[in-house]
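Using my numbering, the letters of the sequence shown correspond one by one to residues 1245 to 1778. For every residue, glycine included, the Cβ atom is placed at its ideal position computed from N, Cα and C. Since the model is a prediction, treat every value here as computed from it, not as a measurement. Everything on this sheet refers to the single structure shown next.
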Amino acid sequence: MTRELQGTATLLKLALKRDRIRLPIWVVAVGLLLAGGGQELAQVFSSAEERQVRATIMGQPSGIFMGGPGYGLDDYTVGAMMANEYTLFIVVAVAIMALQTAVRHTRGEESAGRIELLRSTRVGRHAAPAAATVMLLITATLITLVCAGSMLMLDLPAQDSWAFGAGIGVQVLVFGAVGLLCAQLSSTPRGAMGLGLAVLGVAVVVRGVGDIMELQGSWLSWFSPIAWSMQTRAFVELRWWPLLLAVGLTLLATLAAMSLQSRRDLDAGLLPQRSGRSHAASYLRGPLSLGVRLTRTSNITWLIALVLLAVTYGSLAPSMRDSFADLPASYQAIMGGSDRAVQGFLDLAMTTMACGAAALAVALASRLHGEETDSRTELVLSLPVARIRWLLSWWALAFVVSAVVLLLSTLVLAATTDAVITVDGVYSGLLLIWATYLPALTLFASLAVLVYALSPRLTVLAWVPVLFVVIVAILGPLLSVPSWVTDLSPFHHVARLASDSAADAAALTWISTVAVLTAALAVAAFRRRDIPRD
1245 MTRELQGTAT
1255 LLKLALKRDR
1265 IRLPIWVVAV
1275 GLLLAGGGQE
1285 LAQVFSSAEE
1295 RQVRATIMGQ
1305 PSGIFMGGPG
1315 YGLDDYTVGA
1325 MMANEYTLFI
1335 VVAVAIMALQ
1345 TAVRHTRGEE
1355 SAGRIELLRS
1365 TRVGRHAAPA
1375 AATVMLLITA
1385 TLITLVCAGS
1395 MLMLDLPAQD
1405 SWAFGAGIGV
1415 QVLVFGAVGL
1425 LCAQLSSTPR
1435 GAMGLGLAVL
1445 GVAVVVRGVG
1455 DIMELQGSWL
1465 SWFSPIAWSM
1475 QTRAFVELRW
1485 WPLLLAVGLT
1495 LLATLAAMSL
1505 QSRRDLDAGL
1515 LPQRSGRSHA
1525 ASYLRGPLSL
1535 GVRLTRTSNI
1545 TWLIALVLLA
1555 VTYGSLAPSM
1565 RDSFADLPAS
1575 YQAIMGGSDR
1585 AVQGFLDLAM
1595 TTMACGAAAL
1605 AVALASRLHG
1615 EETDSRTELV
1625 LSLPVARIRW
1635 LLSWWALAFV
1645 VSAVVLLLST
1655 LVLAATTDAV
1665 ITVDGVYSGL
1675 LLIWATYLPA
1685 LTLFASLAVL
1695 VYALSPRLTV
1705 LAWVPVLFVV
1715 IVAILGPLLS
1725 VPSWVTDLSP
1735 FHHVARLASD
1745 SAADAAALTW
1755 ISTVAVLTAA
1765 LAVAAFRRRD
1775 IPRD
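Right, here's the structure in full:
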């Protein structure tokens, strides 16, 4: 076994060097979100009466699905609120980070040919997954420290704060081990990541359905590793033993990944690959149709996720109407005021789904980097396909797909809301709002394409505008973001149901103009650089 692990330390140093920017950004972002969001929530819901109104909402089925199992709802302290409402969101974020880390340093290195090169030296078969495992341990430790420290900054009990942080940290280990396992099953990094995200999605749904079946969790909840962190009952009735389940699953999944790696060839996956057609279909003759085909699975996944979000928001509308009047003024401000509770809630739903659509647009446009890395861009451009056509095809794909996904989600939101409560003009109003989000989606696609055209290595920077919009649109009212910062968000100028306000036509015109100019700059930059660019 020692021979199989030879070279682990060297690969760990390489992994730490590669993630020297990515890892700190993730850790700091999680810490800032918990610390800043927790302080603002403590100020907004400063009295026990206000927190109990919040607890009533979170005790509804939709609130349980989007939050936690409901421990401490009878005495909703700040600690109980943080554990019940923030755990799921933070766990999903760190789980995605863990999956990316595991796949990036195993299957990603293998697909790039670096593992084959390293294995020709004194590097053992299991050195790469072992180095990735140590990397995940370091990440989990940092996440635990940051999360616990954020809770301690809120003057919450120390032992419960450490339990909360450990509950988040073990999820890095669990889903990191899942990523290692998926890397053995799929022969491509994208396929491994897709399998890992599917496991994460199932875990989220199983936890949500199980907790809805019975308040504070049913037998079904225990089949989801996410529930194990919630079942520590931090800040209510603390217990540590559920975290042992996460540690056990991590060990089993890691050992299984090591075992499976010994049973496959280098650069191969254990799942059989379906043989492709000998000739492409007639509709695959252009770059746009090729992009649609390559992104088909991920597009469907995004659509399902946003549709489920729309159903959740729509079904929560009646409970929001019944309890909205008792909410604090700061919380009401997020949804447009107390007079039109449901309309304001639907505005919030549209904003949340639009953030998802913006993320989809950036994800699709960022696929250009992968196409170039995998040498498909060179292959396509060797045919009678101009650079401008190739780049603008992916730009159009990013915009059109994100717009269609948001449109279908909007229709589902309207239908779900209309089925449970009467809202005048819900279909026409939501469709109008959807239309006013289109310039912003165009801008996000253009920015992502521009970053790729300038430097493919900096593609990750295309996510910065999305992060900015999410913080301003979703958390802005709670975080007391200045108005001049809010005005910079393209989502701030859309139509609203709650206020009967039309969209800012001048602002939308400017956004559209900037989007077109940004796309033009991307074309100019792309025409002047080498492919591939080192």
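Quick check on this structure: which residue in the options has the alpha carbon closest to the alpha carbon of residue i?
i            : options                   : result
residue 1380 : 1367, 1415, 1368 and 1360 : 1415
residue 1404 : 1324, 1422 and 1363       : 1324
residue 1751 : 1551, 1732 and 1763       : 1732
residue 1275 : 1749, 1669, 1396 and 1689 : 1396
residue 1561 : 1590, 1502 and 1442       : 1590
residue 1496 : 1424, 1757 and 1773       : 1424
residue 1690 : 1625, 1749 and 1608       : 1608
residue 1772 : 1694, 1417 and 1428       : 1694
residue 1449 : 1625, 1594, 1305 and 1727 : 1305
residue 1642 : 1533, 1269 and 1300       : 1533
residue 1413 : 1474, 1287, 1437 and 1758 : 1474
residue 1447 : 1384, 1422 and 1349       : 1422
residue 1341 : 1286, 1646, 1626 and 1273 : 1273
residue 1503 : 1439, 1530, 1528 and 1429 : 1429
residue 1498 : 1426, 1729 and 1441       : 1426
residue 1478 : 1271, 1320, 1538 and 1638 : 1320
residue 1367 : 1283, 1254 and 1717       : 1254
residue 1602 : 1713, 1587 and 1676       : 1713
Just reading off the alpha helix (DSSP H) that residue i is part of, what are its end residues?
i            : result
residue 1232 : In this structure the chain extends from 1245 to 1778, so residue 1232 is not present and cannot be described.
residue 1461 : First-last for residue 1461: undefined, no H or E at that position.
residue 1351 : 1351-1355
residue 1360 : 1358-1363
residue 1390 : 1371-1397
residue 1775 : Note, residue 1775: premise wrong, no alpha helix (DSSP H); not H, not E.
residue 1665 : Careful: residue 1665 lies outside any alpha helix (DSSP H) and carries neither H nor E.
residue 1481 : It is not in any alpha helix (DSSP H) - residue 1481 carries neither H nor E in the DSSP assignment.
residue 1304 : Per DSSP, residue 1304 belongs to no alpha helix (DSSP H) and is neither H nor E.
residue 1277 : 1266-1288
residue 1408 : 1402-1429
residue 1503 : 1486-1505
residue 1473 : 1469-1474
residue 1622 : 1620-1625
residue 1535 : 1531-1538
residue 1714 : 1707-1714
residue 1727 : 1727-1731
residue 1262 : 1252-1262
Got a sec? Which residues, its chain only, sit under 7 Å from residue i by beta carbon, not counting five neighbours each side?
i            : result
residue 1303 : 1314 and 1317
residue 1433 : 1347, 1351, 1352 and 1355
residue 1256 : 1375, 1378 and 1379
residue 1339 : 1415, 1419 and 1444
residue 1606 : 1688, 1692, 1706, 1707 and 1710
residue 1406 : 1392
residue 1583 : Residue placement at residue 1583 is flagged as unreliable, the pLDDT there being 47, under the threshold of 50; a coordinate-derived value is accordingly withheld.
residue 1703 : 1610, 1613, 1695 and 1696
Excluding sequence positions up to five away, which residues of its chain have a Cβ less than 6 Å from the Cβ of residue i?
i            : result
residue 1455 : 1308, 1313, 1461 and 1465
residue 1451 : 1465, 1468, 1470 and 1471
residue 1769 : 1697 and 1698
residue 1486 : 1472, 1475 and 1476
residue 1674 : 1654 and 1658
residue 1670 : 1658, 1661 and 1662
residue 1252 : 1371, 1374 and 1375
residue 1388 : 1409, 1410 and 1413
residue 1383 : 1416
Cutting at 8 Å between CB atoms, please list the residues of its own chain near residue i, excluding the five before and the five after it.
i            : result
residue 1278 : 1326, 1330, 1334, 1390, 1391, 1394 and 1395
residue 1369 : 1248, 1363, 1505 and 1506
residue 1365 : 1251
residue 1344 : 1423 and 1437
Hey, would you say the C-beta of residue i is under 7 Å away from at least one heavy atom of the ligand ADP?
i            : result
residue 1684 : This structure lacks the ligand ADP; in fact it carries no ligand of any kind.
Closest Cβ-Cβ distance between residue i and chain C: below 8 Å?
i            : result
residue 1359 : The structure shown contains no chain C; it is built from a single protein chain.
Query raised in the report: So does the region 1332-1339 actually touch the region 1484-1493, counting three or more Cβ pairs closer than 8 Å?
Result: Between the region 1332-1339 and the region 1484-1493, the count of Cβ pairs shorter than 8 Å is below three; the stretches do not touch.
Query raised in the report: Are there three or more Cβ pairs, one per stretch, closer than 8 Å when the region 1584-1598 is compared with the region 1676-1688?
Result: yes
Report task. Take every Cβ of the region 1659-1670, pair it with every Cβ of the region 1555-1564, and state whether three or more of those distances are shorter than 8 Å. Result -> yes
Report task. Assess, as a yes-or-no matter, whether the region 1358-1365 is touched by the region 1433-1447 under the definition of 3 or more beta carbon pairs within less than 8 Å. Result -> no
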